[in-house]
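Numbering (UniProt numbering), first residue to last: 1 to 216.
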């Protein structure tokens, strides 16, 4: 049997993989039908049968019962969520441009994230927050942070702020007609940043998790 994929089969497989990485589980037939622009669920099933015969997936017959087949680096397990690493955040002077670089995917157990949604990851640069602690982990240079975009921000929370198109991580405090971003560091050189509440600066999300980076 020819195990090579047609262009449409490659598209279906890519959508299934991306769905697993984003959601942590398989898409339904209706979701695949809508994304692919196919008019019937039967049309989707035909592509799934082809992918199964060629050894790229297997199906259990249950709802969302599509499972990927591959080596350990390629399988998206049901209990893992793929969190995109979108670049770097300054824990210091905002210097590195806040560009979504999409430099990789963190695979994280859903129980660690506690069902959080609308999240992304950044890599910390600098030491202006090296005394801040979340979940027993210090926010130190080189570590990963998990950021939730739609979380409610309160005084004392650690946030990612975009200032002059540069991302920085600081503690948040709402003052009179201003927002104050505080460092939390053993380095006395770092000072608060005072922003007008009507400035173009943007609070891009709340830091909800700090993760070790084994490469540092």
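In this text, a Cβ means the ideal position worked out from N, Cα and C, and glycines have one as well.
- Between the region 136 to 145 and the region 191 to 206 there are fewer than three inter-stretch CB-CB distances shorter than 8 Å, so the stretches are not counted as touching.
- In the three-state reduction of the DSSP assignment, residue 120 falls in the strand class.
- Distance between residue 12 and residue 177, taken at the CA atoms: about 51 Å.
- A distance below 6 Å between beta-carbons, with the five flanking residues on each side excluded, links residue 65 to the following residues of its chain, in chain order: 59.
- Nearest in C-alpha terms to residue 38, of all of 56, 122, 8, is 8.
- The beta carbon of residue 116 sits closer than 6 Å to the beta carbons of 148 from its chain, once the five residues preceding and following it are set aside; these are given in chain order.
- Cβ atoms of residue 132 and residue 125 stay farther apart than 8 Å, at about 15 Å.
- In this structure, the alpha-carbon of residue 128 lies about 21 Å from that of residue 120.
- DSSP places residue 9 in the uninterrupted alpha helix (DSSP H) bounded by 7 to 23.
- Going by DSSP, residue 104 is part of the beta strand (DSSP E) stretching over 104 to 109.
- In the DSSP assignment, residue 33 falls within the alpha helix (DSSP H) that extends over 29 to 36.
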